[in-house]
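The structure under discussion appears below in the form of structure tokens.
2 protein chains.
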Amino acid sequence: MAKLNYRTLRQEVVDEIRQKILTGEFKEGERIKENEIATLFGVSRGPVREALRQIEQEGLVHYERNVGCSVAAITQKDVYEVCLLRAALEVLSVKLCHGKISKGTLDKMRESVQRMKGMETDLYALTQEDKFFHNCLVEEAQVSRLKHTWWTMGSNHAVLLCAHQNGTKTHYDQHLELLQCCESGDTAKIVEAIKAHYNLKTDYVQRTQLQI
Amino acid sequence: MAKLNYRTLRQEVVDEIRQKILTGEFKEGERIKENEIATLFGVSRGPVREALRQIEQEGLVHYERNVGCSVAAITQKDVYEVCLLRAALEVLSVKLCHGKISKGTLDKMRESVQRMKGMETDLYALTQEDKFFHNCLVEEAQVSRLKHTWWTMGSNHAVLLCAHQNGTKTHYDQHLELLQCCESGDTAKIVEAIKAHYNLKTDYVQRTQLQI
DNA sequence: TCACATGAAATTGTATACAATCGTCAGTAT
DNA sequence: ATACTGACGATTGTATACAATTTCATGTGA
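Chains A and B are the protein sequences, given in the same order.
Residue numbers for the first sequence follow this note's numbering, beginning at 1 and rising by one.
Residue numbers for the second sequence follow this note's numbering, beginning at 1001 and rising by one.
Written out as structure tokens, the structure is:
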């Protein structure tokens, strides 16, 4: 009864590997050998393989047949792509709920923003918090596949990178701004805020002046 | 040298299972036992597990821990969701290439539409052709993650269902219409055509009058 | 020196074997 | 009759073992 919601080895390994990639312990391009991971975590290769395949889906690692698995190199283009997709999906969410974001969700977002205040140096924690914040928006639409698509897009890595590049405003400021627009209940205003939020993140998008 | 691009067992099994689900051989809610599949295809459980996990990502099957895997039941809401997402992603693609679809792509789309002419009864083939057609649009944006997201959305099943429900126009007619708009090079026109294309597919979308 | 063949080591791909968990169905007490 | 208990079978979760492929170093010949 104690192990009501215990987790499978695969899930544990997924989290471990993901963290090690996001914190930079596993560097871009570095090879990930199934056996190494397995002995490192004290498990067999089975769960490791399954975990790596899932992480591959998220775009954090790359498999080459009969050669192996390596940490995906995140280019400027990847950052651009992830921002593009996240923006599109979040805009869709807002449109679906007609800009009306429930009080409960707004509260969660406010708390999230407050937590960001003291995190500006801990990039990994910031990434997790960023995911939580934006997930609130995506959840509001109550479209399960939209949420699933958003989550499995492998946005982590790219967003983390963005944190480095964006020195003008703190994450706290950026999300506070977005949050305030969300409180307005005005679809158009929120949509613009989302676009601005992601445009800020990469000058590539700014340069090409994309109308998302 | 002959097996220059042979495929791994996992990939083969993925295709086999996918086909069996889409053709209705594996029915909604039906349990899929790893051992059964393994002996059926003459392979071991390893590749079967990996294949099923991938198909789970696509939303065609569902795993329950220590219980098993079953074919996902596709509801009206699923159809709605997939149409919503496909529309959003395809609209994004068109906007990214400013409505200018290359001649080569248009040619491929024309050929695809022609092939649809004689397929109206073969739902599986139709689904594959539908994917090919729409993939042309998504590829045009040259955003690899956009394409990846579109593909791993598990659109197959829902689209197949749509084929049943939509008696007003043949698939050939629907895609011919869309193709003709694509030839115009006018972003707004194409976007409207895409929305109409997917709105047609499910009255749910029509009822809610969603502005994608 | 360079191209190419060759073979061993390492790694992934696949198969088999064992362990843990869950569902079922008698059986029993209330 | 019903609710609970417990053991059995079936299925998934995990570990180990083997096969196939690739890589890399080494050696050989021109």
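Glycine included, C-beta positions come from ideal geometry on N, C-alpha and C.
In this text, all values refer to a predicted model and were calculated from it rather than measured experimentally.
Query	Result
ILE17 of chain A, buried or exposed, once every other Cβ within 10 Å from all chains shown has been counted against 16	buried
Identity of the residues DSSP links to SER1063 of chain B by a beta bridge	Here residue 1063 of chain B is Tyr; the residue named in the question, Ser, does not match the sequence. Partner(s): B:CYS1069.
Sub-8 Å separation of ILE21 of chain A and VAL82 of chain A beta-carbons	no
Short Cβ contact (8 Å threshold) for GLU140 of chain A with SER102 of chain A	yes
Residues of its chain near CYS136 of chain A, where Cβ-Cβ distance is below 6 Å and the 5 sequence neighbours each way are ignored	THR105, LYS108, MET109
Alpha-carbon to alpha-carbon, PRO47 of chain A and ARG10 of chain A	5 Å
CB contact below 8 Å: GLU1059 of chain B versus chain A	Here residue 1059 of chain B turns out to be Gly, not Glu, going by the sequence shown. Closer than 8 Å: yes.
Cβ-Cβ distance between TRP151 of chain A and LEU89 of chain A below 8 Å	no
Outcome for SER1044 of chain B when other beta-carbon atoms lying within 10 angstroms are tallied against a minimum of 16	exposed
Pairwise C-alpha distance: ALA1051 of chain B and LYS33 of chain A	21 Å
Run of the alpha helix (DSSP H) containing GLU1050 of chain B, from where it starts to where it stops	1045–1057
THR1008 of chain B to ASN66 of chain A span [Cα, whole Å]	10 Å
Beta-carbon spacing of HIS215 of chain A, PHE132 of chain A below 8 Å	Residue 215 of chain A is absent from the model: chain A starts at 1 and stops at 212.
Cα-Cα separation between GLU1064 of chain B and ALA38 of chain A, rounded to whole angstroms	24 Å
Residues that ARG31 of chain A bridges to, as DSSP identifies them	A:SER70
Reduced DSSP secondary structure (H/G/I, E/B, other) of VAL1143 of chain B	coil
Test item: CB-CB of TYR1124 of chain B and GLN1054 of chain B under 8 Å	no
Residues near LYS95 of chain A by beta carbon distance below 8 Å, same chain, minus five either side	THR187, VAL191
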